[in-house]
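Student: Would you mind keeping the following structure in view while I ask a few things?
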């Protein structure tokens, strides 16, 4: 599903509400059968750890951790027993098995976003939120990342919620919702 | 556990960012300063106690005019203690047909149990320490006795019925006492020869003492046992009786060391607070990301806490090591003047350092970390979302509590801690107000200056909160440093001034009134300038306000001593040097001949006297009733002749008084002194050169130790600077990239930064110099009891140094960032 709209239309706010990063002043938000608006902050965090993945425009990798450790992070937070092996397999899946020991600053933008993709999908969450995942990348790299995103989406059977400016990218989604000044058309 | 693991893993890789290193340094210096000074003060205190026991020549001393039972010694030996004894009496000694009255001290093996005997090879020669006592058949006579008799080392003297050979010249014994209580020259001989002299007959006047030595617990137990078992006439003396003047300089030094260590800790607190701020700023995104990925608030808190705790643990280990090394080094300087083997340092004094590290972290770093855990996950999408602001009590309460707790712990003195806290709070308020005024007023200047100036001024005004915090931190650090520099200077100056190289090295007592002028003339002929002449007469206190003092007991042993013993009395129209009247008034010309007396505050306190009290004295068989007209504070360490009791001029003129004076003889004048002693046999000559040389060496060493501790404070001050530089680096990095993208030259940016920091430095420096001046006056006059002298260098150095340091700080925080290509910075802010 793609969420499109002009700058300031409220795409990121909606994404934040959907992921339980923020709370609406009124109304309810449900994820995968759970009403997250009824949960406290820690319970919402717990829910994200188990059922939600994130990809950001600015990658948001932890600079102090290696690529492998960044991918291991959600597994560790969810209490996964074999985080290292699973994370390494995921890195290999995104084509970065050789660069597992590198730090974010040693990776290109495309590589960093691939690590972020691996991190977002490694727990096989039912929902994956992507906020302008190609916004910081050039066209060719952006295309490659999109390709990988859709592949992973298909492999893991995740619901992908994609926020984007890019109408071409949006067109590849099964459903496109447009936001205008805070309202869905 | 997962949070701890993640926290530690990230910690290891974050050194690059710098603030953790500064945090570690700040904590390490605080632990090191407190621990080092703690160890040092602990050992100095124990050293002082040991030094106090030297005055007794033992840890305990049981004295009696009567023979003492052997049971005491047997009991002590059974406890594993060391025992010796000394018998003292006045007797005439003969060399050929020359006679001289002398104090005989017969000592047994082991004497002295504390302290050392010093001897020399020829009268008034260079002294040295000696172990052991004169062998049987030998004696060590002092210079006065030897010269008075016209004898030499190797000559035989008749002591009672025994013939003893002079083998050394006695210079000093540890238990000879201060003051001029022993007017006759003295000699040291072996206890084994005492019987052969046949001087000890029933009824002969002698003072006997058994000396005991042992470790602290043995001494404490044995003292209790003796107190319960001794005869009424027997007097037990322990270190509590040690003269309080001895400890004066050391107490001042200890206070200075404590203040210095406290300043280091406060500087550490400033650095910790600043680095904690930056730590939180840098971790906002990390925590937001962790929360987005599903971390709970607790996880985020433990994650941050684990990092801080590891740093604290590391700081405690490193700081304690630093403390250990520092005290070992400082003690190596001090050891020679303690003159006793100190027990190895205890671990306990390190605890305040450990506690300081924990307190600093809890007070200054924990609240922001708690705050950090409350960063909303939404920040990952919206950068402007910070953690919700904490309540004032949570943000500042722990810090204030931590500081007060630490001040109390270090000073162990409510009054001192109260003053310190008040001063600190006042300084913070003053600095905050001045900084606020600065940022308010500079905004108005923006119109009429160039671009660099406008940029600098704009920065000051825009980062209003940060500017205020920087002025407070920098100002406090400077104040602590300047204040310590002032006090340190005053302290060292007053030590040195109390013992100038021109201080008199010989004291002359018992100068007969009719020989006075001739004697003074002789001193002048010898090239020695005599100081002021004082009349002196011995007298005994009989009654206070008609109440006889005999049989009355006073609050302190000192009071008993004043009431029991004969005192040296003097009279004068002029107040003595280093004396200050603190109650009543000094004698006026109209008081001549009136029955008035001025008492030293020591005497007044020990006997509980007040102005107007009537004192009755027996002076050479005549009774005098006098009124207390004034109380004087006396600088006993001024090395000038001083008296507890000074009568109004004219009143005692008729008594058979003698005169005393002091003079400085050029070195190596042994022959002239010997001649003087022979020419005026009744004058008692006291050679103070050796004592003063020792004191001077002691002062030099103590000065070195004080400088050593000051180094800690300097180190802590540098840490604050580092922390300040670190605190705004990220922001400057970004700003400079934007400015350069817009075409600003590096020089323009640097100029702007220099304007900004220069203004901060100027305000901080001016305030720090003012506060340090006020504080220096307060501390010097109230706590350290040394005179305060205002110093222009404090202002020049303080303000100039502050501006220079601040500019240096700004330059170093900007220098590197303006070399980075702007694009990289803008992409990865």
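Protein chains in written order, with our numbering: chain D, -4 to 180; chain G, -13 to 815.
Where a beta carbon is used, it is the ideal one built from N, C-alpha and C, also for glycine.
So, at 6 angstroms on beta carbons, what are the nonlocal neighbours of residue 424/G in its own chain, with the 5 sequence-adjacent residues on each side left out?
Tutor: Excluding positions up to five away in sequence, the list reads 749.
Student: Can you find a heavy atom of the ligand GTP that lies under 7 angstroms from the Cβ of residue 611/G?
Tutor: Of ligands this structure carries none, so the ligand GTP is not represented either.
Student: By Cβ distance, which residues of its chain are closer than 6 angstroms to residue 51/D, with the 5 residues on each side in sequence left out?
Tutor: Excluding residues within five positions, the ones whose Cβ falls inside 6 angstroms are 126.
Student: Ordered along the chain, which non-local residues of its own chain (more than five positions away) have a Cβ less than 7 angstroms from that of residue 143/D?
Tutor: 89, 109, 112
Student: Given that residue 282/G touches chain D, what residues does it touch there, using C-beta distances under 7 angstroms?
Tutor: Taking a Cβ-Cβ cut-off of 7 angstroms, the neighbours of residue 282/G in chain D comprise 37, 40, 41, given in sequence order.
Student: If we call anything under 8 angstroms between Cβ atoms a contact, is residue 394/G one with residue 403/G?
Tutor: yes
Student: Which residues in chain D sit within 9 angstroms of residue -12/G, going by Cβ to Cβ distance?
Tutor: 71, 72, 74
Student: Is it the case that the Cβ atoms of residue 647/G and residue 539/G are separated by a distance below 8 angstroms?
Tutor: no
Student: Helix or strand or just coil, what does DSSP make of residue 228/G?
Tutor: Because the pLDDT of residue 228/G is 48, which lies under 50, any placement of that residue in the model is unreliable, and the number read from its coordinates should be weighed accordingly. Reduced to three states, the DSSP call for residue 228/G is coil.
Student: Please report the distance separating the alpha-carbon of residue 157/D from that of residue 165/D.
Tutor: 8 angstroms
Student: Which class does residue 81/G belong to by DSSP, given the choice of helix, strand or coil?
Tutor: strand
Student: On the three-state DSSP scale, how would you describe residue 646/G?
Tutor: strand
Student: Using C-beta distances below 6 angstroms, list every residue in its chain close to residue 133/G, excluding the 5 sequence neighbours before and after it, in chain order.
Tutor: Hits under 6 angstroms: 109, 660, 663.
Student: When DSSP labels each residue in this structure, what does residue 748/G get in the three-state scheme?
Tutor: helix
Student: Can you give the Cα-Cα distance for residue 615/G and residue 545/G, rounded to whole angstroms?
Tutor: 20 angstroms
Student: Exposed or buried, what is residue 231/G when buried is set at 16 or more other beta-carbons lying within 10 Å of its beta-carbon?
Tutor: Because residue 231/G carries a pLDDT of 45, less than 50, the predicted location of this residue cannot be relied on, and the following value inherits that uncertainty. Classification of residue 231/G: exposed, given that the 10 Å Cβ count is below 16.
Student: Looking only at its own chain, which residues have a Cβ that is under 7 angstroms from the Cβ of residue 196/G, when we skip the five neighbours before and after it?
Tutor: 48, 54, 58, 59, 69, 71
Student: What residues of chain D sit near residue 364/G, judged by a beta carbon separation below 8 angstroms?
Tutor: 11, 16, 17
Student: Helix, strand or coil for residue 175/D per DSSP?
Tutor: strand
Student: With 8 angstroms as the C-beta to C-beta threshold (strictly closer), list the residues of the segment 263 to 293 of chain G near chain D in chain order.
Tutor: 271, 272, 275, 276, 277, 278, 279, 280, 281, 282, 283, 284, 285
Student: Is the Cβ of residue 25/G closer than 8 angstroms to any Cβ of chain D?
Tutor: By this cut-off, residue 25/G is not an interface position.
Student: By Cβ distance below 8 angstroms, which residues in the same chain neighbour residue 764/G in space, the five residues on each side in sequence not counted?
Tutor: 405, 409
Student: Using a Cβ cut-off of 8 angstroms, pull out every chain D residue sitting near residue -8/G, in sequence order please.
Tutor: 68, 71
Student: Measure the beta-carbon distance from residue 43/D to residue 747/G and round it to whole angstroms, keeping in mind my assumption that it falls under 8 angstroms.
Tutor: Rounded, the Cβ-Cβ distance is 48 angstroms, inconsistent with contact.
Student: For residue 669/G, which residues in the same chain have their Cβ closer than 6 angstroms to its Cβ, ignoring the five residues on either side in sequence?
Tutor: Apart from sequence neighbours up to five positions away, the residues of its chain that approach residue 669/G with a beta-carbon distance below 6 angstroms are 494, 496, 497, ordered along the chain.
Student: Measuring straight from C-alpha to C-alpha, what distance separates residue 815/G and residue 716/G?
Tutor: Because the pLDDT at residue 815/G is just 48, under 50, the model does not fix this residue reliably, and the point stays unresolved.
Student: Can you tell me where the beta strand (DSSP E) holding residue 498/G begins and where it ends?
Tutor: 492 to 498
Student: Cβ of residue 260/G less than 8 angstroms from any chain D Cβ?
Tutor: By the rule that beta-carbons nearer than 8 angstroms mark a contact, residue 260/G does not touch chain D.
Student: To the nearest angstrom, how far is it from the Cα of residue 277/G to the Cα of residue 283/G?
Tutor: 8 angstroms
Student: Counting contacts by CB-CB distance shorter than 8 angstroms, is residue 308/G in contact with chain D?
Tutor: Not one chain D Cβ lies under 8 angstroms of residue 308/G.
Student: I'd like to check one pair, residue 366/G with residue 9/G: are the Cβ atoms closer than 8 angstroms?
Tutor: no
Student: How would you write the range of the beta strand (DSSP E) that residue 591/G sits in, first residue to last?
Tutor: Run containing residue 591/G: none in the beta strand (DSSP E); it sits in the alpha helix (DSSP H), 587 to 593.
Student: Hey, would you say residue 350/G sits closer than 8 angstroms to residue 710/G, going by beta carbons?
Tutor: no
Student: Just how far apart, CA to CA, sit residue 182/D and residue 84/D?
Tutor: It is not possible to answer for residue 182/D, since the shown part of chain D is limited to -4 through 180.
Student: Can you tell me the Cα-Cα spacing of residue 149/G and residue 173/G, whole angstroms?
Tutor: Looking at the two C-alpha atoms, the distance is approximately 14 angstroms.
Student: For residue 176/G, which beta-bridge partners are listed by DSSP?
Tutor: Answer is 93/G.
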